[in-house]
Each structure stands twice: as structure tokens, then as C-alpha cells.
Amino acid sequence: MLGEHDVAQPEFAELVDQYDLVIAHRMDHDEPWPSEQLSVTTLLSEPFDVAMSVGHPLAGRSSVSAAELADESWIAAHAGFAPDVALGVVEATAGVRFQRAHRVNDYHLAASLIVGGELLALFPRYTAPRADPRLVLVPLEDVRIARNIDVLARPHALARVAVAGTLERLRGAADVLQRARPSASAAVGPGLHHVEVWLADVAAERAGWAWLLGRVGFTMVSEWSGGESWEAGDTYLTLTASPNLSAESHDRRVRGPIGGS
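In case it helps, the numbering used here puts the sequence shown at residues 13 to 273.
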């Protein structure tokens, strides 16, 4: 059975009584889900970007500050929902109350209103509609607001093969989605786009990589049984198991294979 419920964040946990898997979102600065009662799997850590029409004066920018947005008119979500909470964080950074022209909980409707005028909104980077070429997303430069896309489940439900398999497919879909939208806008200069690191045993080597990546500013955004993805700005790095290995164990002093044609 599938269902769609437009609920405020605290109400997602209650839906596990009706469904084996609940795809929920939680602002990253909020209290975590009650993990003593639920199994929680994070699919994505998704930043919010500023959505605007391609003709807006700020549309050509690589990023915008909160203060630059103070005089704009906004489409906000209803109170208590993630986009409205995110907008409140931007307001606090700017030090002013923004003008809310509309309150809309549907991103597709919000996108239609944006491309038809000069309104702005906060859209999640990976899951918001972006098929319309008249809509662009511009990152915030002085405040990072993100939500976690999590899968909530009763622990015993994951023992069922069908449920566990569905969760793995959701993990894979989230990774594909993040790869397709690594950043809100095109890179403005040379830089590293992505790296894929093949490991013989992801579980055994995870702790060392997590320490290193965390120290240099990366954040883990998705995880699955055979690997995980990390993000820092416009760069993402994937740790994954691979059958294409030159030895059974890893030696950091030995060079890797050099490709060529």
C-alpha cells in the first residue's frame, strides 16, 4: 500500500504504524527522530537554495547573501513546514522580516508562480522541480540550511526481504538523484567535480575515511550497504566496493592503476 500525506515534521514518525517505510524529512538542526523506537536511514542531506526566474537580477550570481534578499517578495510554505522554517533561518541571518506574498506547500505550483513573476522561494536542491528552463536555483553564501531525507521504519519490518529490498532501491535512487544535481548552479571556475574511491571492504575502512573527510569539510549525504557518498560544496566523493581490485588488501604506498587508450 502506498500513501501520500502532507504532514508537519513531528507527525512523520506516527505514520510508521500505517506503513512499513515512511520517507520523511527533518531540518538538520532539529531534534533527531526517536531512534529507540524507529530504524532511521538517511538518504540525503539536502541544502535549500534560492529559486528564482532566469530573468531575475540575481539569477546570474554564483551565490547570494541573506542581506541581499531582504527586499524581495517570497513564496513561503505554511507555518511548521520545512521551507517556512528554512526561510526563518535566512531572515534571522539577514536581521529583517521578509515579505511573504503567498503560502504554498506544492513546489510545482510555487515554480509556476516564480517563473511568472519576480517572486523568490527556497527550494530543496535535489528533489525540487527544475525541468522548466526559466527556473534557476542559486545557493546561499552565508548560511547553510539543509534537511535530511530519512526513511523511518519499525525495526522488525526491515527483517522482511521485500521491505529491505525496497529500502536498498531507495538508497540507490537517492544516490542517482544527487549525482544528477551535484550543485544548484554551474561551476564558475576550475575545480574538482567528483571522485569515486574503490575499496576492498567499505565497512572495514569506513572509520578512517570518515575521520579524514570530516576533517577536510565533507559531510556524508547518503549511505548504502556497499558504500556511501560525501559532499563538500560542489564536490562529491563516493566510497564504494568494487570487484576491479589489483590486490586483496589496500597499501597506501602503492600507486593505483593508470588508465589510457
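Don't be surprised by glycine CBs; every beta carbon is placed ideally from N, CA and C.
In the three-state reduction of the DSSP assignment, Ile-161 falls in the strand class, which pools E and B. The stretch 73-85 makes contact with the stretch 107-114, as at least three CB pairs between them are under 8 Å.
Remark: three or more beta-carbon pairs, one from each stretch, lie closer than 8 Å, so the stretch 53-68 and the stretch 157-166 are flagged as touching. Counting only residues of its own chain and dropping the five nearest sequence neighbours on each side, Ala-169 has a CB closer than 6 Å to the CB of Asp-32, Val-175.
Per DSSP, the continuous beta strand (DSSP E) segment holding Asp-61 begins and ends at 51-65. For Gln-111, the uninterrupted beta strand (DSSP E) run begins and ends at 111-115, by DSSP.
By the Cβ-count criterion, Glu-235 is buried, with 16 or more other Cβ atoms from all chains shown falling within 10 Å of its own Cβ. When DSSP states are grouped into helix, strand and coil, His-68 belongs to the coil group.
Rounded to whole angstroms, the separation of the alpha carbons of Ala-98 and Asp-42 is 11 Å. Tyr-248: member of the beta strand (DSSP E) spanning 247-253, first to last residue. Residue environment: Leu-179 is assigned as buried (16 or more neighbouring CB atoms within 10 Å of its CB, all protein chains considered). Between Met-64 and Val-148 the beta-carbon gap is near 6 Å, inside 8 Å, which marks them as a contact.
Within the stretch 80-108, complete beta strand (DSSP E) segments of at least 3 residues are found at 85-88, given in chain order. In this structure, the alpha-carbon of Ala-215 lies about 14 Å from that of Trp-223. DSSP places Ser-74 outside any beta strand (DSSP E), giving it a letter other than H or E. At a Cβ-Cβ threshold of 8 Å, Gly-238 and Ala-219 do not count as neighbours. For Arg-38, no alpha helix (DSSP H) segment is defined; the enclosing uninterrupted segment is the beta strand (DSSP E) at 34-39. Phe-93 is the residue among Phe-93, Pro-69, Ala-78 whose C-alpha sits nearest the C-alpha of Gln-21. Membership of Ser-47 in any alpha helix (DSSP H) is not indicated, and neither H nor E is assigned to it by DSSP. Of the candidates Pro-141, Trp-242, Ala-106, Thr-105, the residue whose Cα lies closest to the Cα of Ala-122 is Pro-141. Here DSSP, grouped into helix, strand and coil, assigns Pro-22 to helix.
When DSSP states are grouped into helix, strand and coil, Glu-130 belongs to the coil group. At the C-beta level, Glu-130 and Val-76 stay beyond 8 Å of one another.
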